[in-house]
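Residue numbers (the numbering used here): 646 to 774. Positions of the beta carbon are idealized from the N, C-alpha and C atoms, including for glycine.
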């Protein structure tokens with residue numbers, strides 16, 4: 646999969662070329678309309694998983710793909726930065742600073758899960774009180 650920056654404008658989408666087809670993936674996109682606020686981890690994480698899986702970049706959240714220790718790793722860094730930007734853009738501004746300096750995207754994902762998930766508390770998704 647090749648990543649090509651379509652222009653120098655930061656708001657322009659990144660073109661992902663895969664099997665002869667290109668898709669626009671914008672790093673400033675928000676994964677879902679409602680941002681993560683610290684109390685909506687389960688619905689937010691599900692929306693993130695679905696969105697990232699749809700772009701075939703889920704392995705950057707799961708750690709199934711590792712940064713190369715030899716050679717050029719620009720493609721890996723670019724894809725990881727894309728996923729990380731989606732995560733950070735989907736978090737309320739009051740919460741995002743604690744995750745801004747983390748790398749790679751998997752570390753951000755894992756830190757949010759560790760801090761905000763309550764095991765498998767699916768009742769939270771339905772706001773049972």
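Could you name each continuous alpha helix (DSSP H) segment of 4 residues or more that falls completely within the stretch 678-764, going from the start of the chain to the end?
686-699, 704-707, 719-734, 742-745 and 750-761
Pick from 761, 706 and 742 that is closest to residue 721, judged by C-alpha positions
Against the chain shown, residue 721 aligns to sequence position 76. The shortest C-alpha separation from residue 721 is found at 706.
For residue 737, collect the residues of the same chain with a Cβ closer than 7 angstroms to its Cβ; drop the 5 residues on either side in sequence, then sort them by chain order.
By one-based count along the chain shown, residue 737 stands at place 92. 680, 681 and 682.
How about residue 733 and residue 745: are their beta carbons less than 8 angstroms apart?
The residue given as residue 733 occupies position 88 in the chain shown. The residue given as residue 745 occupies position 100 in the chain shown. In this structure, residue 745 lies closer than 8 angstroms to residue 733 by Cβ.
Close Cβ partners of residue 712 (< 8 angstroms) along its chain, the five nearest in sequence each way excluded:
Taking the first residue of the chain shown as 1, we reach residue 712 at position 67. Cβ neighbours of residue 712 beyond the five flanking positions: 718, 721, 722, 725 and 749.
Cβ atoms of residue 729 and residue 697: under 8 angstroms apart, would you say?
To locate residue 697, count along the chain shown from 1; it is residue 52. To locate residue 729, count along the chain shown from 1; it is residue 84. Contact: no.
Here's the rule: buried if 16 or more other CB atoms are within 10 angstroms of the residue's CB, otherwise exposed. What is residue 735?
Locating residue 735 in the chain shown gives position 90, counting from the first residue. Residue 735 is buried by the Cβ-count criterion.
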